[in-house]
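Positions in the sequence shown are counted from 1; adding 4 to them yields my numbering.
For glycine and all other residues, C-beta sits at the position ideal for the given N, C-alpha and C.
Encoded as structure tokens, the structure appears first; notes follow it.
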Amino acid sequence: MTLENSTPLPGRSAEWAATLAGAFGEILGRPLDEYGDRDARYGAYYGGNFLDEAELDHDPVWVGPAALAGEETVGTGDLLLTPPGDTAETELVFDASRSLFWVDPRELPDALAAFGADLADAVAASESGQWRGALLGADLGRIAGRHGVDLASADLPRELWTLWQGRIASADTLLDALCAATGLTAATSPDLLPAGLGDSRDEVEDEAHEQVAGVADPALRDYLAAFCDQESHDLALVLFAHDAEGDDDDDDAEEYEYEDDEDEDGYDETDGGTVVVRWDGAVDQFEITVRRLDA
């Protein structure tokens, strides 16, 4: 069995895909085809303090063998995408195999020394890559499987693994990553759009509505307006400037808001120029980041 979200969704017509791409281009301030080459891969990731505070970053559901192998998706029931006024809350569905984990094998018992050594080697190899020492779930699962270790076992040290960034299940195109980040993965036609702003329309600033004024479909325009408010305490838009190769573009700096501070783990969100866009939720309690993948 493969993840149903790992390939482009059937039923999404070329016309609807073009409508979605045009709408996201309005949000980002430039057409999607200006972001990298056609073979570039992208993903949408969920991270932030809420994972730790709700203890979801150690939920065993992330490290089941089938989940880490990419054979089934993960849904915790607690991670929702809820723009203001969205009465049909979208539960996020994740791909644990492509999610990112911090790993600390130092407290493993002597009987698992070989397992710990393999983990340490994998972490060291990751230090020079895009994820700066974090492991993909698929790699974590392969190492655990090779040593016959059940990562969900209560006998293991709690800090052996910690979910850092949950990869929202989607295909690898920029359009699919943006749809995943905004709860539109299953919206294969205008008729399947989630609920829009409804009675909470006034909670979104006029500037946010203006940003998607060029979107022809009224339901899509109404829905995406909630993802355009840079001052929102519910889901605030953070834009990054990139040129066609995905690098920082100083010439466009005035058009974009930059966020170049490091998170609490010392990971620079702008490192490598790979961030396309981010939404900060619940006053910095969580963030959803669309990022170009380096490998």
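Assign Trp135 to one of three DSSP states: helix, strand, or coil. Along the sequence shown, read from residue 1 onward, the residue named residue 135 stands at position 131. Of the three classes helix, strand and coil, the one that applies to Trp135 here is coil, per DSSP.
Comparing the C-beta of Phe244 with each C-beta of chain B, is any distance below 8 angstroms? The structure shown contains no chain B, having only a single protein chain.
Kindly list the residues whose CB is nearer than 6 angstroms to the CB of Pro64, restricted to its own chain and excluding five residues on each side of it in sequence; keep chain order. Walking along the sequence shown from the start, residue 64 turns up at place 60. The answer, listed in chain order, is Ala156.
Using a Cβ-Cβ cut-off of 6 angstroms (strictly less than) and excluding sequence neighbours within five positions of Leu112, which residues of its own chain qualify? To locate residue 112, count along the sequence shown from 1; it is residue 108. These residues qualify, in order along the chain: Gly120.
In terms of alpha-carbon separation, which member of Val208, His237, Gln234 lies closest to Asp226? Within the sequence shown, numbered from 1, the residue matching residue 226 stands at position 222. Ranking the options by Cα distance to Asp226, first place goes to Val208.
Coarse secondary structure for Ala240, derived from DSSP in three states: Here the question's residue 240 lines up with position 236 in the sequence shown. Three-state DSSP puts Ala240 in a strand.
Put Asp37 into one of helix, strand or coil per three-state DSSP. On the sequence shown, position 33 is the one that residue 37 refers to. Helix.
Could you tell me whether the Cβ atoms of Gly74 and Asp99 are closer together than 8 angstroms? The count along the sequence shown starts at 1 and reaches residue 74 at position 70. The count along the sequence shown starts at 1 and reaches residue 99 at position 95. Their beta carbons are under 8 angstroms apart, which means Gly74 touches Asp99 by this criterion.
So, under 8 angstroms CB-CB, Ala25 and Leu179 are touching, yes? Tell me the CB distance rounded to an integer number of Å. If you number the sequence shown from 1, residue 25 lands on position 21. If you number the sequence shown from 1, residue 179 lands on position 175. About 5 angstroms separates the beta carbons of Ala25 and Leu179, which is inside the 8 angstroms limit, making them a contact pair.
Write down the C-beta distance between Gln289 and Phe54 rounded to the nearest angstrom, noting that I regard them as a contact closer than 8 angstroms. The residue labelled residue 289 in the question sits at position 285 within the sequence shown. The residue labelled residue 54 in the question sits at position 50 within the sequence shown. Right, the Cβ-Cβ distance comes to about 5 angstroms (below 8 angstroms), so this counts as a contact.
Touching by the beta-carbon criterion (3+ pairs, under 8 angstroms), the segment 159-170 and the segment 103-110: A contact exists between the segment 159-170 and the segment 103-110.
Given this structure, state the Cα-to-Cα distance separating Glu101 from Ala70, to the nearest angstrom. Translated into positions along the sequence shown, residue 101 becomes position 97. Translated into positions along the sequence shown, residue 70 becomes position 66. It is Ser, not Glu, that sits at residue 101 in the sequence shown. Distance between the alpha carbons of Ser101 and Ala70: 9 angstroms.
In angstroms, rounded to a whole number, what distance separates the CA positions of Ser17 and Leu224? For the purposes of this step, residue 17 is taken as residue 13 along the sequence shown, with counting starting at 1. For the purposes of this step, residue 224 is taken as residue 220 along the sequence shown, with counting starting at 1. If you take the alpha carbons of Ser17 and Leu224, they lie about 16 angstroms apart.
CA-to-CA distance, Asp43 to Asp37, given in whole angstroms: As a first step, residue 37 is located in the sequence shown; it is residue number 33 there, counting from the start. As a first step, residue 43 is located in the sequence shown; it is residue number 39 there, counting from the start. C-alpha separation (whole angstroms): 11 angstroms.
Quick check on the DSSP output: what are the complete alpha helix (DSSP H) runs of length 4 or more inside the segment 161-233, in order along the chain? 178-185, 210-215, 222-229
Tell me Ala71's beta-bridge partners as DSSP assigns them. Counting from 1 along the sequence shown, the entry for residue 71 is found at position 67. Bridge partners of Ala71: none, in fact.
Integer-rounded CB distance, given that Ala173 should sit under 8 angstroms from Thr77: Taking the sequence shown and counting its residues from 1, one reaches residue 77 at position 73. Taking the sequence shown and counting its residues from 1, one reaches residue 173 at position 169. Thr77 to Ala173, Cβ: 5 angstroms. Contact.
Can you tell me which of Leu182, Leu297, Trp20 puts its alpha carbon nearest to the alpha carbon of Leu32? On the sequence shown, residue 32 is found 28 positions in, with the first residue counted as 1. For Leu32, the nearest C-alpha among the options comes from Leu182.
Under the three-state reduction of DSSP, which class applies to Tyr271: helix, strand or coil? Here residue 271 corresponds to residue number 267 of the sequence shown, with the count starting at 1. Any reading at Tyr271 needs caution, since the residue's pLDDT is 44, under 50, leaving its predicted position unreliable; the model's value is listed next. Reduced to three states, the DSSP call for Tyr271 is coil.
Closest by CA to Leu72, which one among Asp143, Pro222, Ala229? Position 68 of the sequence shown holds residue 72. Considering only alpha carbons, the answer is Asp143.
Mind checking which residues open and close the beta strand (DSSP E) that includes Trp106? Counting from one through the sequence shown, the residue named residue 106 turns up at place 102. Unbroken beta strand (DSSP E) run through Trp106: 104-107.
State the DSSP-derived secondary structure class of Thr293, mapped to helix, strand or coil. Mapped onto the sequence shown, residue 293 falls at position 289. Three-state DSSP puts Thr293 in a strand.
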